[in-house]
Each structure stands twice: as C-alpha cells, then as structure tokens.
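Student: Here's a structure for you.
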Amino acid sequence: MNTSFKKWFLKYRMIVVREMINTIGINGNEIILDLGTGSGFVAINFAKKLVKGKIYGVDRYRMSYNSLKEQIINLIKINFFGNTLKNAKENAILEKVADKCMFITSDITKSIDFPNETFDVILSSQALYCIPYEKRPSIFNEIHRLLKKNGKILFFESRLYGNWNMEDIRKYFVDKGYSVKIIHKNFFKNHCMLYGEKP
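So the number in this note's numbering is just where the residue sits in the sequence shown, counting from 1, plus 808.
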C-alpha cells in the first residue's frame, strides 16, 4: 500500500471515529455493540471513553491475516489489511482497554447470541454495505431486537454503493418508529453517518 495513502487513510479514519464518538455523546456507562469490528479500531476508541461500560466487537473473521486475505478479497473485492479478531484483541491490549472490550466471532447476518434489549448503542463502520442485499433485513431486525428502548444506532457507511442506499436504511428505521437523521460532512466524501434513536 502506498505510504502517503496509508497516512491519509489513518488520519481520515481517526477523524471519522471522533465524529462518531461526538455524535453518540458517551457518558461512560454504555453497553455498546460494534458490528463488523474488524481490527477493533472503532471499538477500541469508544472503549477509551468508557468508565463502567463495555463494548462488544462482533466479526465473522478470527483467523490470521494470511489465511484470511484471500477470503475477504473474494467476498467483497476489498483488502482491509489485517481486519481480524486476533488483531482486535492484540490492539485492545496495546491500547490498555482490553478490560472494556470483548471481541466475539459471529456472523452478523444471522442471530447474534445476546438477549433482547441488551445494548445502549449499536455501531457499524463500513461493514453493513458489504452485506448481500437479501441478508440486510435480517441484520436490521436483529439490531432492532438487541437495542434497548431509547437506545442509539450509528452507522458510518457509503451513501450509495451498488444496491446499497443509505436512504433505504433510514426508511427502515423510521418505519420502526425511530427518530433518524443522516449526517453529511464535507470530508466524508461519498460517506455519511446515519444516527437514530429507538422509541
């Protein structure tokens, strides 16, 4: 990967996660779910703001990068360089937040093994748009099931990508009674944040 691009990407990613944290308004006691956690970057940065709270990062990939690389590229045609739960756990230790993070192997297109209304906040960053179209309704139903009343959702995703359209996602949660807004920033380019609150 080009060094200058990687530096830009890392800086951009930090700006995005700060915007996500500011949008949610963490009080430190939340129980949070990060869907498609990858290397744990979003989860770890949220964990740094927690006091008594905890964040659960869920991803289907737990293997080493070398055995994983071909699978990811074949699945979504994107190389996310090192996004595995093994890396996420190691990163949480390095950042001294391992006690506030739990990383779990689970396919987010299927039922996630938590009781109803477990989470105060459910996050996702650049993961949901990769999910096949026909599997998205089950994911959104699962998000709705897992989120507490008055809980918050925040997704940072492409506005449009193939058959992904953030406006369709907004409509799904509005139909469930959520108050929802799509947040655009100039530096997001073709991305945006969807923020919602469950009634």
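Built from N, CA and C at the ideal position, the CB exists for glycine as well. Computed from a prediction, not measured in an experiment: that's the story for all the values here.
(1) Candidates T811, I823, L841, S812: which alpha carbon is nearest N994's?
(2) Tell me I823's beta-bridge partners as DSSP assigns them.
(3) Any contact of the stretch 833-851 with the stretch 908-918, i.e. 3+ C-beta pairs under 8 Å?
(4) So, is D983 buried or exposed, given that buried needs 16 or more other C-beta atoms within 10 angstroms?
(5) Are the stretch 899-907 and the stretch 917-933 in contact at 8 Å, needing three or more beta carbon pairs?
(6) Quick check: I829 and V929, are their CB atoms within less than 8 Å of each other?
(7) Can you have a look at Y866 and say buried or exposed, based on whether 16 or more other CB atoms are within 10 angstroms of its CB?
(8) Have a look at F981 and K904 and give me their C-alpha separation to the nearest angstrom.
(9) Which residues does DSSP pair with T1001 in a beta bridge?
(10) Tell me which residue opens and which closes the beta strand (DSSP E) that F948 is part of.
(11) Terminal residues of the continuous alpha helix (DSSP H) containing F911?
(12) For a test of your reading of the model: does the CB of C938 fall under 7 Å from any non-hydrogen atom of the ligand SAM? Yes or no.
(13) Do L936 and G844 come within 8 Å of each other at the CB atom, strictly closer than that value?
(14) Would you mind giving the Cβ-Cβ distance between F964 and H992, rounded to the nearest angstrom? I have them listed as a contact below 8 Å.
(15) Based on the DSSP secondary-structure assignment, which residues constitute the bridge partners of N973?
(16) Quick test of your reading: K1006 and L931, contact by CB under 8 Å. State the CB separation rounded to the nearest angstrom.
(17) Give me the Cα-Cα distance between K894 and K960, rounded to the nearest whole angstrom.
(18) Kindly indicate which residue of A855, T811, G836, T831 has the alpha-carbon position closest to the one of D842.
(19) Alpha carbon to alpha carbon, how far is D976 from I880? Give it in angstroms, no decimals.
(20) Is it buried or exposed, G836, if we count other Cβ atoms within 10 angstroms and call 16 or more buried?
Tutor: According to the structure shown:
(1) I823
(2) The partner list for I823 (beta bridge, DSSP) is empty, contrary to what the question assumes.
(3) yes
(4) exposed
(5) no
(6) no
(7) With the sequence shown as reference, residue 866 is identified as Val, and Tyr is not the correct amino acid for it. Buried, because 16 or more other Cβ atoms sit within 10 Å of the Cβ of V866.
(8) 35 Å
(9) For the sequence presented, residue 1001 should be read as Met rather than Thr. M1001 pairs with F964, I991.
(10) Here F948 belongs to no beta strand (DSSP E); instead the alpha helix (DSSP H) covers 944-954.
(11) Looking at the DSSP string, F911 is not in any alpha helix (DSSP H); the run it does join, the beta strand (DSSP E), is 909-913.
(12) With respect to the ligand SAM, the structure shown offers nothing to examine, as it has no ligands at all.
(13) yes
(14) Their Cβ separation, rounded to whole angstroms, is 12 Å, which puts F964 and H992 out of contact at 8 Å.
(15) L968
(16) That pair is no contact at about 14 Å.
(17) 28 Å
(18) A855
(19) Residue placement at I880 is flagged as unreliable, the pLDDT there being 42, under the threshold of 50; a coordinate-derived value is accordingly withheld.
(20) exposed
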